[in-house]
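Reviewing the structure listed below.
Residue numbers (this note's numbering): 563 to 820.
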């Protein structure tokens, strides 16, 4: 079972949202298996659904990372840390002869008579024909490696294939966007001209292309004379600035008047 998320829980890495629907569905199945009525079942059969869902969730994450290479190492480590997958069981699957192991209890010799392993580890060819074999720990009918053997809980839902296809599609879209951004940087679009008559080549030389801001207009320099002529020019400039401010504030005055 995964850990309960708190405020101290580290945020999941990129890519978790793509596999989260499958994990939530398995978590819901786990809750239903825990609350399922055990009436009419043997004591050993009560935990079989729980063991199978636990195996299925760990196997799903194992296939995504080690087999299909669809998730990153950072996301895989986060899933293992948050108990979405059984790290010890995955470590067994990576060894020769344990590729189909159902659970760890079946290979723990201290839990079986004479220091052996569970009967589900016996190859199918060596078992009596017509005899149904079921593990007492998880209900496995055979998980030995080799041809002709059973594959424990290998029938995943169709949603697993849909999620894998979705991950590949998003990766292709991300690569396409990266190529488009690189092409735009290498070949920027230069407009022909603007309202001031300045061409795009002129703005490119000035460095205004790509800034996203309109080019600043050059302020005209005014020369003022000394004495009475200087005071007259200053008065003219003050009157012009007052008229500009009145015109700019006209909208606000009308708004307040209404």
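Beta carbons are placed, not taken as given, at the ideal position from N, Cα and C, and that holds for glycine.
- Assignment of residue 749 by DSSP, reduced to helix, strand and coil, places it in the coil class.
- Nearest Cα to residue 622 within the set 599, 648, 674: 648.
- With a contact defined as Cβ atoms closer than 8 Å, residue 564 and residue 640 miss out at about 11 Å.
- Where residue 654 is concerned, the enclosing alpha helix (DSSP H) starts and stops at 649–655.
- Residue 607 is not a Cβ neighbour of residue 704, given a cutoff of 8 Å.
- With a threshold of 16 other beta carbon atoms within 10 Å, residue 577 meets it and is buried.
- In the DSSP assignment, residue 669 falls outside any alpha helix (DSSP H) and carries neither an H nor an E.
- When rounded, the separation of the alpha-carbon atoms in residue 687 and residue 656 is 23 Å.
- The three-state reading of DSSP puts residue 620 in helix, counting H, G and I together.
- Relative to residue 733, the option among 618, 571, 604, 632 whose CA is nearest is 632.
- Burial is judged here by how many other beta carbons sit within 10 angstroms of a residue's own beta carbon; residue 566 has fewer than 16 and is exposed.
- Per DSSP, residue 639 is one residue of the alpha helix (DSSP H) stretching across 635–643.
- In the three-state DSSP reduction, residue 594 falls in the helix class (H, G or I).
- If the five residues before and after residue 611 are omitted, its C-beta is found closer than 6 Å to the C-beta atoms of 595, all from its own chain and listed in chain order.
- Under the three-state reduction of DSSP, residue 688 is assigned to helix.
- Taking C-alpha positions only, residue 620 is separated from residue 652 by approximately 7 Å.
- For residue 673, the CB contacts under 7 Å within the same chain, skipping 5 residues up- and downstream, are 667 in chain order.
- In the three-state reduction of the DSSP assignment, residue 584 falls in the helix class, which pools H, G and I.
- With contacts defined by Cβ atoms closer than 8 Å, residue 679 and residue 669 form a contacting pair.
- At a Cβ-Cβ threshold of 8 Å, residue 699 and residue 592 do not count as neighbours.
- It is roughly 13 Å from the alpha-carbon of residue 654 to the alpha-carbon of residue 706.
- Spatial neighbours of residue 661 in its own chain (CB-CB distance under 7 Å, excluding positions within 5 residues in sequence) are listed in chain order as 655, 707.
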